[in-house]
Every structure is written in structure tokens, then in C-alpha cells.
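Novice: Residue numbers (our numbering), protein chains in the order written: chain A, 90 to 399; chain B, 90 to 399; chain C, 14 to 265; chain D, 14 to 265.
Glycine included, each C-beta is placed from N, C-alpha and C at the ideal position.
Every value quoted in this text rests on a predicted model; they were computed, and no experiment measured them.
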Amino acid sequence: NERLAEFEARIKRGEKIEPGDWMPEEYRRQLIRMISQHAHSEVVGMLPEGAWITRAPTLKRKMILVAKVQDEAGHGQYLYHAAETLGVSREAMLEALLAGKAKYSSIFNYPTLTWADIGTIGWLVDGAAIKNQTMLAACSYGPYSRAMVRICAEETFHHKQGKEMVLLYAKGTPKQRQMAQDAINRWWWPALMMMGPHDQDSPNTEVLVRWGIKTKTNDQVRQEFINEHAPEILEAGLTLPDPDLRYDEKTGNWLHGPINWDEFWQVVNGNGPMNKERLEARRRAHAEGAWVREALEAYAAKRQRTAVAV
Amino acid sequence: NERLAEFEARIKRGEKIEPGDWMPEEYRRQLIRMISQHAHSEVVGMLPEGAWITRAPTLKRKMILVAKVQDEAGHGQYLYHAAETLGVSREAMLEALLAGKAKYSSIFNYPTLTWADIGTIGWLVDGAAIKNQTMLAACSYGPYSRAMVRICAEETFHHKQGKEMVLLYAKGTPKQRQMAQDAINRWWWPALMMMGPHDQDSPNTEVLVRWGIKTKTNDQVRQEFINEHAPEILEAGLTLPDPDLRYDEKTGNWLHGPINWDEFWQVVNGNGPMNKERLEARRRAHAEGAWVREALEAYAAKRQRTAVAV
Amino acid sequence: MRSEVREALIAKLTALADDEVILAHRGSEWTGHGPILEEDIALANIVQDELGHATLWYGLRQQLDGSDPDQLAFFRDAYGYRCCELVELPKGDWAFTMLRQYLYDLYEALWLEAAQHSTYKPLAEAVQKIMREERFHLQHTQAWVERLGQGTDESNRRLQQALDMQWGYAQQLFVPIPGEELLVAEGIVPDLLPLRERWLEHSTRHLQNAGLKLPINPGYQPTSRAYHTEHLWSILAEMQSTARWDAEAKVW
Amino acid sequence: MRSEVREALIAKLTALADDEVILAHRGSEWTGHGPILEEDIALANIVQDELGHATLWYGLRQQLDGSDPDQLAFFRDAYGYRCCELVELPKGDWAFTMLRQYLYDLYEALWLEAAQHSTYKPLAEAVQKIMREERFHLQHTQAWVERLGQGTDESNRRLQQALDMQWGYAQQLFVPIPGEELLVAEGIVPDLLPLRERWLEHSTRHLQNAGLKLPINPGYQPTSRAYHTEHLWSILAEMQSTARWDAEAKVW
Numbered sequence: 090n091e092r093l094a095e096f097e098a099r100i101k102r103g104e105k106i107e108p109g110d111w112m113p114e115e116y117r118r119q120l121i122r123m124i125s126q127h128a129h130s131e132v133v134g135m136l137p138e139g140a141w142i143t144r145a146p147t148l149k150r151k152m153i154l155v156a157k158v159q160d161e162a163g164h165g166q167y168l169y170h171a172a173e174t175l176g177v178s179r180e181a182m183l184e185a186l187l188a189g190k191a192k193y194s195s196i197f198n199y200p201t202l203t204w205a206d207i208g209t210i211g212w213l214v215d216g217a218a219i220k221n222q223t224m225l226a227a228c229s230y231g232p233y234s235r236a237m238v239r240i241c242a243e244e245t246f247h248h249k250q251g252k253e254m255v256l257l258y259a260k261g262t263p264k265q266r267q268m269a270q271d272a273i274n275r276w277w278w279p280a281l282m283m284m285g286p287h288d289q290d291s292p293n294t295e296v297l298v299r300w301g302i303k304t305k306t307n308d309q310v311r312q313e314f315i316n317e318h319a320p321e322i323l324e325a326g327l328t329l330p331d332p333d334l335r336y337d338e339k340t341g342n343w344l345h346g347p348i349n350w351d352e353f354w355q356v357v358n359g360n361g362p363m364n365k366e367r368l369e370a371r372r373r374a375h376a377e378g379a380w381v382r383e384a385l386e387a388y389a390a391k392r393q394r395t396a397v398a399v
Numbered sequence: 090n091e092r093l094a095e096f097e098a099r100i101k102r103g104e105k106i107e108p109g110d111w112m113p114e115e116y117r118r119q120l121i122r123m124i125s126q127h128a129h130s131e132v133v134g135m136l137p138e139g140a141w142i143t144r145a146p147t148l149k150r151k152m153i154l155v156a157k158v159q160d161e162a163g164h165g166q167y168l169y170h171a172a173e174t175l176g177v178s179r180e181a182m183l184e185a186l187l188a189g190k191a192k193y194s195s196i197f198n199y200p201t202l203t204w205a206d207i208g209t210i211g212w213l214v215d216g217a218a219i220k221n222q223t224m225l226a227a228c229s230y231g232p233y234s235r236a237m238v239r240i241c242a243e244e245t246f247h248h249k250q251g252k253e254m255v256l257l258y259a260k261g262t263p264k265q266r267q268m269a270q271d272a273i274n275r276w277w278w279p280a281l282m283m284m285g286p287h288d289q290d291s292p293n294t295e296v297l298v299r300w301g302i303k304t305k306t307n308d309q310v311r312q313e314f315i316n317e318h319a320p321e322i323l324e325a326g327l328t329l330p331d332p333d334l335r336y337d338e339k340t341g342n343w344l345h346g347p348i349n350w351d352e353f354w355q356v357v358n359g360n361g362p363m364n365k366e367r368l369e370a371r372r373r374a375h376a377e378g379a380w381v382r383e384a385l386e387a388y389a390a391k392r393q394r395t396a397v398a399v
Numbered sequence: 014m015r016s017e018v019r020e021a022l023i024a025k026l027t028a029l030a031d032d033e034v035i036l037a038h039r040g041s042e043w044t045g046h047g048p049i050l051e052e053d054i055a056l057a058n059i060v061q062d063e064l065g066h067a068t069l070w071y072g073l074r075q076q077l078d079g080s081d082p083d084q085l086a087f088f089r090d091a092y093g094y095r096c097c098e099l100v101e102l103p104k105g106d107w108a109f110t111m112l113r114q115y116l117y118d119l120y121e122a123l124w125l126e127a128a129q130h131s132t133y134k135p136l137a138e139a140v141q142k143i144m145r146e147e148r149f150h151l152q153h154t155q156a157w158v159e160r161l162g163q164g165t166d167e168s169n170r171r172l173q174q175a176l177d178m179q180w181g182y183a184q185q186l187f188v189p190i191p192g193e194e195l196l197v198a199e200g201i202v203p204d205l206l207p208l209r210e211r212w213l214e215h216s217t218r219h220l221q222n223a224g225l226k227l228p229i230n231p232g233y234q235p236t237s238r239a240y241h242t243e244h245l246w247s248i249l250a251e252m253q254s255t256a257r258w259d260a261e262a263k264v265w
Numbered sequence: 014m015r016s017e018v019r020e021a022l023i024a025k026l027t028a029l030a031d032d033e034v035i036l037a038h039r040g041s042e043w044t045g046h047g048p049i050l051e052e053d054i055a056l057a058n059i060v061q062d063e064l065g066h067a068t069l070w071y072g073l074r075q076q077l078d079g080s081d082p083d084q085l086a087f088f089r090d091a092y093g094y095r096c097c098e099l100v101e102l103p104k105g106d107w108a109f110t111m112l113r114q115y116l117y118d119l120y121e122a123l124w125l126e127a128a129q130h131s132t133y134k135p136l137a138e139a140v141q142k143i144m145r146e147e148r149f150h151l152q153h154t155q156a157w158v159e160r161l162g163q164g165t166d167e168s169n170r171r172l173q174q175a176l177d178m179q180w181g182y183a184q185q186l187f188v189p190i191p192g193e194e195l196l197v198a199e200g201i202v203p204d205l206l207p208l209r210e211r212w213l214e215h216s217t218r219h220l221q222n223a224g225l226k227l228p229i230n231p232g233y234q235p236t237s238r239a240y241h242t243e244h245l246w247s248i249l250a251e252m253q254s255t256a257r258w259d260a261e262a263k264v265w
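1) On the criterion of 16 or more Cβ atoms from any shown chain inside 10 Å, does Q253(C) qualify as buried, or is it exposed?
2) In the DSSP assignment, find the beta strand (DSSP E) that holds D78(D) and state where it starts and stops.
3) Using a Cβ-Cβ distance under 8 Å, would F149(D) count as near chain A?
4) Using a Cβ-Cβ cutoff of less than 8 Å, which residues in the same chain neighbour Q355(A) once the five nearest sequence positions on both sides are dropped?
5) Does N198(A) pass the burial test, meaning 16 or more other C-beta atoms within 10 Å, or should it be called exposed?
6) Apart from the five residues just before and just after E147(D), which ones in its own chain have a Cβ nearer than 7 Å to its Cβ?
7) Does any residue of chain C have a CB that is nearer than 8 Å to the CB of T262(A)?
8) Please confirm whether M254(B) and G211(B) have their CB atoms less than 8 Å apart.
9) Taking G65(C) as the query, report the chain B residues whose CB atoms sit under 8 Å from its CB, ordered along the chain.
10) Using the three-state DSSP reduction, which class does W141(A) fall into: helix, strand or coil?
11) Compare the C-beta of V100(C) with all C-beta atoms of chain B and state if any pair is closer than 8 Å.
12) Could you tell me whether the Cβ of K252(A) comes closer than 8 Å to any Cβ of chain D?
13) Please classify P232(A): is it buried, with 16 or more other beta-carbons within 10 angstroms of its beta-carbon, or exposed?
14) For a test of the three-state rule: what should DSSP assign to Y133(C), helix, strand or coil?
15) Count the other CB atoms, across all protein chains shown, that sit within 10 Å of the CB of Y182(C); report buried if there are 16 or more and exposed otherwise.
16) Over what stretch of residues does the beta strand (DSSP E) that includes R335(B) continue unbroken?
17) Please specify which runs of the alpha helix (DSSP H), each continuous and at least 4 residues long, are wholly inside the stretch 102 to 184 of chain D, giving them in chain order.
18) Which two residues bound the contiguous beta strand (DSSP E) that contains W343(A)?
19) Give me the DSSP bridge partner(s) of I106(A).
20) Out of S16(C), G45(C) and A21(C), which has the shortest C-alpha to C-alpha gap to T143(B)?
21) Given a threshold of 16 other Cβ atoms within 10 Å of its Cβ, counted over all protein chains shown, does E42(D) qualify as buried or as exposed?
22) Give me the residue from H318(A), A259(A), L281(A) and I315(A) with the minimum Cα distance to L407(A).
23) If the cut-off is 9 Å on Cβ atoms, which residues from the stretch 350 to 367 of chain B count as contacting chain D, listed in chain order?
24) I'd like to confirm something about F109(D): is its beta-carbon nearer than 7 Å to some heavy atom of the ligand PLP, or not?
25) Using a Cβ-Cβ cut-off of less than 9 Å, list which residues of the stretch 180 to 201 of chain A approach chain C; keep chain order.
26) What number of angstroms, rounded off, separates the C-alpha of Q289(B) from the C-alpha of E295(B)?
27) Closest Cβ-Cβ distance between D83(D) and chain A: below 8 Å?
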């Protein structure tokens, strides 16, 4: 196949593929899957954090959190746009989400139990997301790559804010320390799982790397994440819930103990603590918003008729 | 009119009128109005107190409050039954309530702002209700009279509990005292208004007294209430929001200052602080319960068909 | 009593009481908003009984360690509460409420029946006191499940939706707390495993008779009472707001 | 500044800030649950601005009496709050939310416009900072009122229902606080009476153009900011739950 060869050559040369360009169906399919999952993750990701806006402990933290969740909504928007350039509509993507057919990041199927979860999500979850997104910013599909550049800049800001919060609480009152440690304990493993299965269990990786969608493997990204975060958390005087965690002098890597992949697959397959509630919340919002969207359409149609009449 | 004369003679002899007995249409009309208003008051009255069950400060207080609100629902039940003996259905009465056509006691159009309101309602509002109900227990219509006897017994218990609470808080911490005083300040005048307009402004009173429905006038009942409660509140070290209040040696009565009848009529006519919310809450409960009631009917119908078939 | 057994018993009593307190909270949110006046009354009855049970369990704990029941209920935070997640879920509609109550009542009735033979006398006595109440609750909520399941398509749909949501959570009722095996060994509390089988058998039969679809993929099944849903923090914020508003107050 | 004027100004700034804090609370309850993603973003914008305004007003108060804004927001109870009742009403549906926001934004925009000439420099400067934001809010919510009013029968009905509920409450925005006449006399804050007239004129015209029925029997019109709805206690229980959970904490 000549077109495929030319396509792969372009990618090799580091060129970006743009919406009008020819691309293999599988490339399109994989991108739609990834970008829409990513978009859904931003939208569903608003829920666990959004729930704490009403309970933020200071005016400043409240404002920062509203701004953060707002950024997530914005990321959802860019990403839906990026996916739309591949010929799928936002409505179709949302429908797939609400029908339980589309996935979103499993991390959002864990509950936010205390205020310290907000800082911890910023530090660990956004930290893990950034590693992934920085890699994706180099991806071969132009609109996705550009969305990632923009999103990464904002996520980096959230990451910094989250880290600052946890570090503050780690040296705060006994109750603040307890809250921070508890949050780290609950979020550490799910954050490691965010990068997905080990390379040998990740069947999509090979083709994704060949087509320049991914430029690193799951395990590589995971290792980067641990190398950055583990020492910082330990230095803050907090512990990590991994008795096997150790620094390996030879490789300069922090090595982690075995990941509970059974839990991972349980959550991916709909059996995480919050899967049902998250989807239910999205469905309810969608259903309760139906009359609003209908009103908007009716209004727009009336305006158009008036405009034509004039 | 012979029958009317005989009817009035029976009342004069202290006989009770019973459901099958002949009665003037106006007697029936007045009773339906009063009893259904009274029933509605019990049902709407569940709302202001019910709202504090989830916030009661001890397990015991929570239980007492649940029991109290449950009693009110029970009172609603007896009273609807009593009204039904006059040939009006519960559905018709509820419909009139939800349509905003039937009245209920205006006192429930004031908000319960703090926990001390619960004690204060028990003491003042139930206290005022008891004065009225004790009078009505002697009323000429048998079913109403008997309902009142039963209700009064329970209300007396609520009244005692409410008084006990307020007295406890009156000698409690500064915050408890503040809470109790604030509640007394807000509920005193509305409680006085519960007995209705002054006698000269109460056009129904004359016929109601003649037919033995009422055995005392509004002002008489109000005076009884003040004579009992004013000295007890003052003795507890609380103040009353009536600068003109004074004990009159000659009559042995506690005399009150001018009542703000404008406020009274505002609330009666739908403009009290909670009129809209109360009615809205009842309407919502009714609407949201519609599918439940339909299911019950459908189930009963199916069972009946099965029973007939067998 | 050996100190490990005592500790485990304290923890078990706390879990029993916490379940009742939070379920009563959810039930009491219906006050004045029920679909029929008669049901306001019936649910208020159930709520009172649950509060009574909580008081009993906390009271038994008090005999062991002197802790004050109201302190436990109103001054412990989400870290300290040991309720199961089922009781924390928002009140939902009437189908959700009745189904949860049914699943819980069936568990409680079976548990009490078995616990009346407890070797720990105060527990056995407490169970005697409340067994009859629980049978009434079960009768009531069982009847509701049947009515809604066999009522209209709408009521059946709502009940099925509630079941799909709750089934996994309900399984936590049969997860022993750490150290519970000690209590079972001493005959202080019944073993949850055989109770679970009976519960599954009863509930499955009744739910299917009511026209509901089973088995259900349970989805998430909570395994530790140290973890909670996102709702518990807010439940406690509301529930404890008056008590904590004036922490100096000695009596309320 | 004379001490009565200072006291009145402190009270006025508190009322201004409290309105924004509670309205922001209600707005933030929508986060992640809006009818369209774009509206989650727009409402989050409004909420942030409101929190910003609250911080400004509390900040001006801090200059006068040294009180800490977060202490005021998170450690005052319902007795101390001086918000109006309109902002306390539950979030309702989207029509309720947009209408309340519109009625409030129109009031705030008019108030700010008049207050930019305040003789109290720090106030005049604060107003300059936020006037533009408020104009954007007003544009946004005004457009929503028109769309919903002229959209479908359903959206018109919901908006009308919201209006019937809110109209009386909205009038409280124009009830001066005790001592406000001193501030008006000194030119520190605008007189509410002429603002009310302009607000009535603007809002009536816009609402009628949107197809709503006016005039409305306002029903209850709150007259004192010392009283509140039944909702404020629970709002504060939720809002202050983290801050109060660890009152020893110096920083969050």
C-alpha cells in the first residue's frame, strides 16, 4: 500500500498529520478512541473535585478549585473539538459515554473523601496525567498534539497547586497531616494504574508507537512519574503505601512493588467504587438538561425565522 | 324550621351530633372548613419541625422529634377521617390544599431557623393549639370532639417536652440562651395570632358558639394562653418581645400590647415568609408520590383480579 | 473477657450502631415528604426504632468502655464512623428507599434471630428487646417491594434501577469486621457466612417473585468499613451541625 | 470617618460580601451538572468572580476593623450572616438559577455603576476593578432569560414559576441596612431607592420581552438581613465543614 507507506514516512519525518490528510482507518479509530476517552475523562473528572467546591476551607482555595474544575471543562471542550476533526460528533461521543460504551480514566471512579483529596488529585493524578500528556504533545496527529500542549500548560499549574497543598498539610496540624497521609494512601496506587497495563499486557502500544501517537510505553511513563513523585512525597515526611518501594542505585529508578491489576480491571470493567454513581450523575445532568437544550434550539429556530422574515 | 329547632335543642342539652344525624348545611360547611383546615395544619406542620430531625443534637432529642412529627401525621389522619364523616373525601381536601384554596394554620408559614425553634414550637405553638383544642374537645360534633380529646392528650405531651427544652436552654450556655431567646422573640407574636382575629373582627364566632362548635371566643382563648405562658417564660429568665406586656392585678390577666394584624393578614393571604415554600413542598411531595400511588392501585387491582379468578 | 475480644466487640457494636444512625438519617429525610400520609407514619416508626437500636448498641459499648453514645454519634468524623456504604447513599426515590430498607431489614432480622443465642448476655437481652420491631419492619418493606415490583411498569423499572445500584453495596453487610472471627468463636455474634446464604436465598426469591431481574452483576462491593462514600462527610456535617455549634453545651 | 459611619460601612461591606459568598455557593452546586459543557464553564466564571467580589468587600472591611475574611466566611454562624434571603434559596432547576442570577446581576451592575463615584476611595477603586466582570455576567444571564422565556412552553413555564417564587425575595436587595442612610448622606454608597426604580424598569421590560407575565404579587418580601430562610443553617454546615473540622489549623 503506497499511501500507507507515504503516511508512515511522513510520521517518521516528524510531520504532523492534519484533519484533511489521508490516514489509515485504524489510525483514525485509535485516535477517536483515545481522544474521546480523554475528553470524557475531563468531563467526568469534574465530578470528584467539583463536589468539594462547596466545602473548600478558605475563599482562596475555593476560587482556585472552581478555576481548576473550569479548566477541566475547557479541556473537555478542546478535546471534543479535536476528536470532531476526525469525523465524529460530540453528540455521538456523549451518547457512547452515557450508554456506558465509552471509557474514561478509571481514576475518577474513586471517591473524594476529604479535602486533602483535592490536593492529592492535583499532585498525583494531574502529575500522572501530565507525564502522559507531555508524551502525547509530541504525537503525530496535529489537533491532538496542539490540544495537549495547551492542556499541559494548565495541568502543570494544577499540579503545582496540588503539591503545594499537600506539602502544606504534611507540615500542618496533626489532623491536617492525617488527612494528607490518608489521601496519599488512597490515591497512590490508582495513580500508578493511570498509565495502563504493563507493556507486555498492552496490545495497542506497538501500533500506537509506530504511528507516533504514543512516543513512550506505559511502563516508561509510569517510571517517570514514580521517579519524580516518590522522593518528593517521602521528603515531605509522608509515607507511601508500597512496602517494596525502593531506590535502585544502578538504574536511578524508584522501583515499585506489584500493582494490583485485578483491582485495575475491576474498575475498568465498571466495578470501581464510583463507576455507577459517576455515570448516573452524568446521565442525570444530561436528562435534566434536556429541556434546556430543547429551549435553546427552539429559540434559535425562532430567531432564524425572524431574521429571514426581515 | 322544626328540625333546626330540635337540632339546636339537642346541642343545648349537651348532646353530641353524630354523622348520620340531621344537621344544617351551614353547620356541616363550617365543620368541614374547620376540620379540614385543622387536618392540613397538622400535615403542613410536619415540615418546619421535620426539617430539624436530621440536625437534632442528641439521639434522644432526635427520637423525640421523630415521634412528635409522627404524631402530627397521625393527627392529620384522624382529622381527615373526622371530616370524611361529613361527606367530603380526603382527596378533595388535599386537592383544595394543593390548589392553594384551603387554609392551614398560618403559624407554619414561619421558618424554623435554629434548633431552639423546635422547643419553642412545642411550648408556644402546641401550647396555643392545646388551648384551642381543649375548647374544641367540648364541641357539639361527636367525631371532631373525640378526635380533639385524643389529640389533646398527645399535644400536652409535646407541650411539656417543648417547655422542658426551652427551660433547659434558658439556663444553659450563653449560646444556648441566645438561641432560646431568639426563638421566643420570633415565635411569641405568631403564637398569639394563632387564635385568630379579635372577637369583634371574627364574623364566624357567633354562629359557631351558638351551635356549640366553639365554646369560647378567640380573645378568651388567647387570654388563657398568655396567662399561662407569659409568667413561665419570664420566670425562666427570658424576655418577651412585647414592651406593653403587664400583669393586671384587677382581672388577674396578663395584658398584651397591640397585635400586628397587618402581618397576620399578610400571612393568611399567602404572603408569609414560608407560604410559597410550604405549598411548594407539599405539591412536590404529592407530584413525586404520584407514581407510587399509581403502583399501589395497579397492584391492588391485580390482586383483586387474582382473588376473583381463584 | 480477653482484651482482644473486648476490642473486637466494641468495634462490632460501633458498626451496628453506626449503620442504624446513618440509615435513620436517610429515612428521616422523608419526613413530611412521603407519597402517602400513612407512609410518613410508618417510616417515622422505622426511623425511631433504628435510633432506638443505635442507642442500645452504643449503650452496650458504653458498658464496655464508658464512651458516651452522643459523643460517638455527634462528635466523631468520617474517619471514625464505621457504617457500611449502603446506608450512606442518598435517599433517592421511594423505590430506592423501600428497597434499601428491605435489604437491610432482612439482614437485620436474620442477624437478630441468630444473635439471640449470644453467649454475651447483655447482647442477647438487647436482641430480645428489638427482634419483634425488626420483624414488623421487614414485613412492611417486604410488602412494599412486592407492590412496587408488581405495580406498574414505571414502579418496576424504578425498583429494578434501585436494585442494580444497591445490590453490590448490600453485600458489605456480610463482610466481617477485623477481629469478628474472635467474637464468632466465642459465640458472641453469629457467623455472617451462613446468614449471607440465607439472606441471598430469601431476598432472591422475594425479589424475583416481585418481578425483578436477578442475578445482578454486583459491581463494586465495599470490603472495609474504614472507607466510605463521598456522601458521609456531608451527612455528618448536617447531622452534627447543632451539637457542634455549641460544643460547650453539657446538655441538649 | 465618624464611628457610626464606620460601623455602618462595616455592616454594608459584610452584607455585600455575604450575598456573594452564598450566591457563589449555590452556583457552585452546579459544577459538573450543567445542561451543556459550555455552561459549566460560564457559571464557573461567574462563581469565581463572585468569590473575588466577596474577597474584595471583606478586604475593605479588614482595612477598617482588621477582621480576617476567612474567619468571617467560615466561622460565622447563621446569626452573624447578613446575606439576603434570595441567595439562600435552593439551587432549583436551570431556569431558577439563571433567573436568580439575572435579577441579582442587574441589581449589582446598577449598584456598581452608581458606586463608582463613591466618596470612599477604596470602595470606588474596588468598584472600578469589578464593573466590567459584572457587565459580562449581566449580558450572559440576560440572554438566558430571553432564550428560556422565548424557547419552549416548558422553558417559559419553568422561568415563570421561578419568577413567581423569586420576585418578592429580590425586592430585599433594595432594603437598606440599618445605618445605610448615613453612608448615603456621605456619598459612600448609592441610595437604593432610585436604583430600585431603574432595576424595576429594566427587569420588567426585559422579562416581559422574554414573554413572562408581570406584574406579580410579590408575596413575602424580607425586610431584615438579620433573618434568613430555613436553608442558611444547612448551607453553612456544609460550607464550613472543612474549615471547622480542624479549627486549630492556621493555614489551609
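Specialist: The answer reads as follows:
1) Buried is the label assigned to Q253(C), since at least 16 other Cβ atoms lie within 10 Å of its Cβ.
2) Element bounds for D78(D): not the beta strand (DSSP E) but the alpha helix (DSSP H), L50 to D78.
3) Closer than 8 Å: no.
4) G361, listed in sequence order.
5) Per the 10 Å Cβ criterion, buried.
6) Excluding the 5 residues flanking it on each side, E147(D) has same chain C-beta neighbours closer than 7 Å at D118, E121, A122 and L125, in chain order.
7) So, not an interface residue.
8) Inclusion of M254(B) and G211(B) in the CB contact set at 8 Å is warranted, their separation being smaller than that value.
9) Within 8 Å Cβ-Cβ: M152.
10) Coil at W141(A), not helix or strand.
11) The beta-carbon of V100(C) is placed no less than 8 Å from the nearest beta-carbon of chain B.
12) Chain D contact via Cβ: absent.
13) By the C-beta density criterion, P232(A) is buried, having at least 16 other C-beta atoms within 10 angstroms.
14) Coil at Y133(C), not helix or strand.
15) That one is buried.
16) Here the beta strand (DSSP E) through R335(B) covers R335 to D337.
17) Listed in chain order, they are 107 to 128, 134 to 163 and 166 to 183.
18) For W343(A), the enclosing beta strand (DSSP E) has its first and last residue at N342 to L344.
19) Answer by DSSP bridge pairing, in chain order: Y230(A).
20) For the residues S16(C), G45(C) and A21(C), the minimum Cα distance to T143(B) belongs to G45(C).
21) Burial call: buried.
22) Beyond the ends of chain A as shown, which are 90 and 399, falls residue 407(A); an answer cannot be given.
23) So the list reads Q355, V356, G359, N360, G361, P362, M363, N364, K365 and E366, given in the order they occur along the chain.
24) In terms of ligand content, the structure shown is empty, and the ligand PLP therefore cannot be addressed.
25) Taking 9 Å as the Cβ-Cβ cut-off against chain C, the residues of the stretch 180 to 201 of chain A that qualify are N198, P200 and T201.
26) Roughly 10 Å between the two C-alpha positions.
27) Chain A, which has a Cβ nearer than 8 Å to the Cβ of D83(D), makes this yes.
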